[in-house]
Amino acid sequence: NAGVTQTPKFRILKIGQSMTLQCTQDMNHNYMYWYRQDPGMGLKLIYYSVGAGITDKGEVPNGYNVSRSTTEDFPLRLELAAPSQTSVYFCASSYRGGAQNIQYFGAGTRLSVL
Amino acid sequence: AQTVTQSQPEMSVQEAETVTLSCTYDTSESNYYLFWYKQPPSRQMILVIRQEAYKQQNATENRFSVNFQKAAKSFSLKISDSQLGDTAMYFCAFMTNYGGSQGNLIFGKGTKLSVKP
């Protein structure tokens, strides 16, 4: 049972480059989330999706874009990478929204922008 | 706005002993959940335990238990019979539980726990 799978695990970008962080889940969950974790900090929500075709901003959405064309996949796009986007990115999913539904996390993508 | 504070950046404990990690939070909501997540060196975030604010009984999961003090807005995690595999970052998190909530977890900064043999 794979759960939530993120690729790549590590990436180094130059300032101004773009990339897509991939996230896929095989649990048929409706809700998916993207968080970032800066050094010494907890996770902060970037974007979330309540189902295919529906996305919304979280706490720190600037500099990112998302799409949700299928239930399984929720890619995160970085345009014009900046050093401030150096972080560890986590994707998560849950069957539904709300606190009763456990969020399951992927193993994260460590991104450095130099 | 909700905030979560973990005042202990690092802690250590001897194997087989008991350790308590502290967490306080601030909210004006009355209906919410609190969580403890474990993040081992592998980086995978794993749910350890959760507590619904309306339940007075403290949650327990095997060696893990919480002390939930709603009036004091305190939510501490007790790990009994500590094992080397408990070495990890531990994050306290909060989520409101109203109908419009989309699942935004609010995290503290974490406590790094080291279990020593």
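From first to last, the protein sequence lines are chains X and R. Residue numbers for the first sequence follow our numbering, so the first one is 46 and each next one is one higher. Residue numbers for the second sequence follow our numbering, so the first one is 5 and each next one is one higher. Yeah, the Cβ is synthetic: ideal placement off N, Cα and C, and Gly gets one too.
With a threshold of 7 angstroms on Cβ separation, who are the neighbours of residue i within its own chain once the five nearest residues in sequence on each side are excluded?
i, result
"I57 (chain X)", "S157, L159"
"D30 (chain R)", "Q6, T7, K77"
"V119 (chain R)", "V17, E19, S86, Q87, L88, D90, T91"
"F135 (chain X)", "Y80, Q82, L88, F150, G151, G153"
"P106 (chain X)", "I91, Y92"
"E104 (chain X)", "K89, L90"
"G98 (chain X)", "R113"
"P13 (chain R)", "T115, K116"
"K42 (chain R)", "I50, V52, A92, Y94"
"P53 (chain X)", "T154"
Just the Cα atoms here: how many angstroms apart are residue i and residue j?
i, j, result
"S80 (chain R)", "V70 (chain R)", "5 angstroms"
"Q18 (chain R)", "S86 (chain R)", "7 angstroms"
"T64 (chain R)", "A57 (chain R)", "14 angstroms"
"I50 (chain R)", "M15 (chain R)", "19 angstroms"
"Y92 (chain X)", "T28 (chain R)", "26 angstroms"
"S112 (chain X)", "S32 (chain R)", "33 angstroms"
"A47 (chain X)", "A144 (chain X)", "23 angstroms"
"F98 (chain R)", "Y37 (chain R)", "6 angstroms"
"R141 (chain X)", "Q73 (chain R)", "28 angstroms"
"S34 (chain R)", "R67 (chain R)", "28 angstroms"
"H74 (chain X)", "N108 (chain R)", "16 angstroms"
"K59 (chain R)", "D101 (chain X)", "31 angstroms"
"W40 (chain R)", "C96 (chain R)", "5 angstroms"
"S11 (chain R)", "S26 (chain R)", "7 angstroms"
"N110 (chain X)", "P121 (chain R)", "46 angstroms"
"P84 (chain X)", "Y78 (chain X)", "20 angstroms"
"Q48 (chain R)", "A75 (chain R)", "32 angstroms"
"Q67 (chain X)", "Q51 (chain X)", "6 angstroms"
For residue i, which option in the options has the closest C-alpha, if you only look at C-alpha atoms?
i, options, result
"I110 (chain R)", "X:L123, X:N107, X:M86", "X:M86"
"R54 (chain R)", "R:L88, R:Q48, R:T100", "R:T100"
"V49 (chain X)", "X:R81, X:F119, X:S112, X:V105", "X:F119"
"N146 (chain X)", "X:I60, X:G103, X:V95", "X:V95"
"T69 (chain X)", "X:P128, X:S132, X:T116", "X:T116"
"T131 (chain X)", "X:G108, X:Y140, X:Q148, X:S138", "X:G108"
"L121 (chain X)", "X:L90, X:I60, X:Y140", "X:L90"
"K59 (chain X)", "X:P128, X:M72, X:T52", "X:P128"
"S84 (chain R)", "R:T22, R:A75, R:M93, R:K116", "R:T22"
"A137 (chain X)", "X:L125, X:I99, X:D71", "X:D71"
"S46 (chain R)", "X:F55, X:T65, X:Y76, X:S139", "X:F55"
What does a CB cutoff of less than 6 angstroms around residue i pick up in its chain, not counting 5 residues either side in sequence?
i, result
"S114 (chain X)", "none"
"K82 (chain R)", "T24, S69"
"T65 (chain X)", "P120, R122"
"Q148 (chain X)", "A137, S139"
"K113 (chain R)", "Q10"
"P44 (chain R)", "A92"
"V133 (chain X)", "Q82, G153, R155"
"G61 (chain X)", "L125"
Going by DSSP, what residues sit across from residue i in a beta bridge?
i, result
"K89 (chain X)", "X:R81"
"Q6 (chain R)", "Its beta-bridge partners do not exist; DSSP assigns none."
"I147 (chain X)", "Note: I147 (chain X) sits in no beta bridge, so no partner."
"V70 (chain R)", "R:L81"
"C68 (chain X)", "X:Q51"
"L159 (chain X)", "Its beta-bridge partners do not exist; DSSP assigns none."
Identify, in the order they occur along the chain, each residue of the same chain with its Cβ nearer than 8 angstroms to the Cβ of residue i, setting aside the five sequence neighbours on each side.
i, result
"S63 (chain X)", "R122, L123, E124, L125, A126"
"N62 (chain R)", "Q55, S69, V70, N71, F72"
**OP:** Return the chain-ordered ranges of every beta strand (DSSP E) run that is complete within the stretch 98 to 151 of chain X and spans a minimum of 3 residues.
**Re:** 99 to 102, 109 to 111, 121 to 123, 132 to 139
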